[in-house]
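*Asks:* The sequence shown lines up with residues 1 to 197 when you count with our numbering.
Quick one: this structure, given as structure tokens, is what I'll be asking you about.
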Amino acid sequence: MTQKRWLILAGAWILVFAGFYLLIWQPNINDIKAVQGKIRIADRQLKQLIRDVETWPSTVTRPKMESYEQRLQYLFSLVPSAEEVPQILDQIEQRGVQEADLKFISLEHDLDASKDELAALRGTTIDSEMSPLQSRKKEFYILTVEGQYANLIQFLHQLEAAPRLINVSEFTIRRIEESDDIEAILMLNIFHTGDPL
């Protein structure tokens, strides 16, 4: 009987170990394997991140900086020199206003607004890397024209398509009494390089 007891006891222990292995240990092994897989993935991602950080300036920043520099150069190419501003004003008066079939009333240099802008620029500190911006000035002009609304829209489109950077910062429109025409007063901002005009 002792031998049978030992066999039953051994069988019971085998069942306990098998149950423990199948119910408790095996899921833990699967969990451990899953965690090990996640660790391997995280390790690969960390190694890739380290490679990216080590090569950061050449792989990420340089192409972006080149793109920004190209855009900035294009923007600067739209900014005329101080000597070109009178020609641009003549083009606005002659071609733009006449081609749009508007009646030219006046074009005045708003010295007060230009001086205020220059004083504001002188009061700011500009980083030495931004030095190309220091040479840019902004002049204000008040243009007054009369004509049809559709012609004014055509003129604004011509300003927008101009080869130089001209900003219309403000404008007012009023109907001229006893006429179908309107009067438009536009505040033009012209950026240029060189000394203030």
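Heads up, the beta-carbon is just placed ideally off N, CA and C, and yes, glycines get one too.
1) Between the Cα of Ile92 and those of Pro63, Val145, Leu72, spot the shortest distance and give me the residue it belongs to.
2) Quick check on Ala162: does DSSP put it in helix, strand or coil?
3) Rounded to a whole number of angstroms, what is the C-alpha to C-alpha distance between Leu159 and Ile166?
4) Check whether the Cβ atoms of Asp110 and Phe140 sit closer than 8 Å, and answer yes or no.
5) In whole angstroms, what separates the C-alpha of Gln70 from that of Pro63?
6) Quick one, which of Glu54, Ala10, Ala162 has its alpha-carbon nearest Ile88's?
7) Quick test of your reading: Arg164 and Pro80, contact by CB under 8 Å. State the CB separation rounded to the nearest angstrom.
8) Taking the alpha helix (DSSP H) that Phe17 belongs to, which residues open and close that run?
9) Quick one: grab the DSSP three-state call for Leu72.
*Replies:* Let's see:
1) Walking along the sequence shown from the start, residue 92 turns up at place 92. Looking at Pro63, Val145, Leu72, the one whose alpha-carbon comes closest to that of Ile92 is Val145.
2) Indexing the sequence shown from 1 puts residue 162 at position 162. Here Ala162 carries a coil assignment [DSSP, helix/strand/coil].
3) Within the sequence shown, residue 159 is the residue found at index 159, counting from 1. Within the sequence shown, residue 166 is the residue found at index 166, counting from 1. Rounded to the nearest angstrom, the two C-alpha atoms are 7 Å apart.
4) Taking the sequence shown and counting its residues from 1, one reaches residue 110 at position 110. Taking the sequence shown and counting its residues from 1, one reaches residue 140 at position 140. In this structure, the beta-carbon distance from Asp110 to Phe140 falls below 8 Å.
5) Residue mapping note: residue 70 aligns to position 70 of the sequence shown, counting from 1. Residue mapping note: residue 63 aligns to position 63 of the sequence shown, counting from 1. Distance between the alpha carbons of Gln70 and Pro63: 11 Å.
6) Within the sequence shown, numbered from 1, the residue matching residue 88 stands at position 88. Ranking Glu54, Ala10, Ala162 by Cα distance to Ile88 puts Ala162 first.
7) Here the question's residue 164 lines up with position 164 in the sequence shown. Here the question's residue 80 lines up with position 80 in the sequence shown. Rounded, the Cβ-Cβ distance is 5 Å, consistent with contact.
8) For the purposes of this step, residue 17 is identified with residue 17 of the sequence shown, where counting begins at 1. Where Phe17 is concerned, the enclosing alpha helix (DSSP H) stretches over 2-19.
9) Numbered from 1 along the sequence shown, position 72 holds the residue referred to as residue 72. Helix at Leu72.
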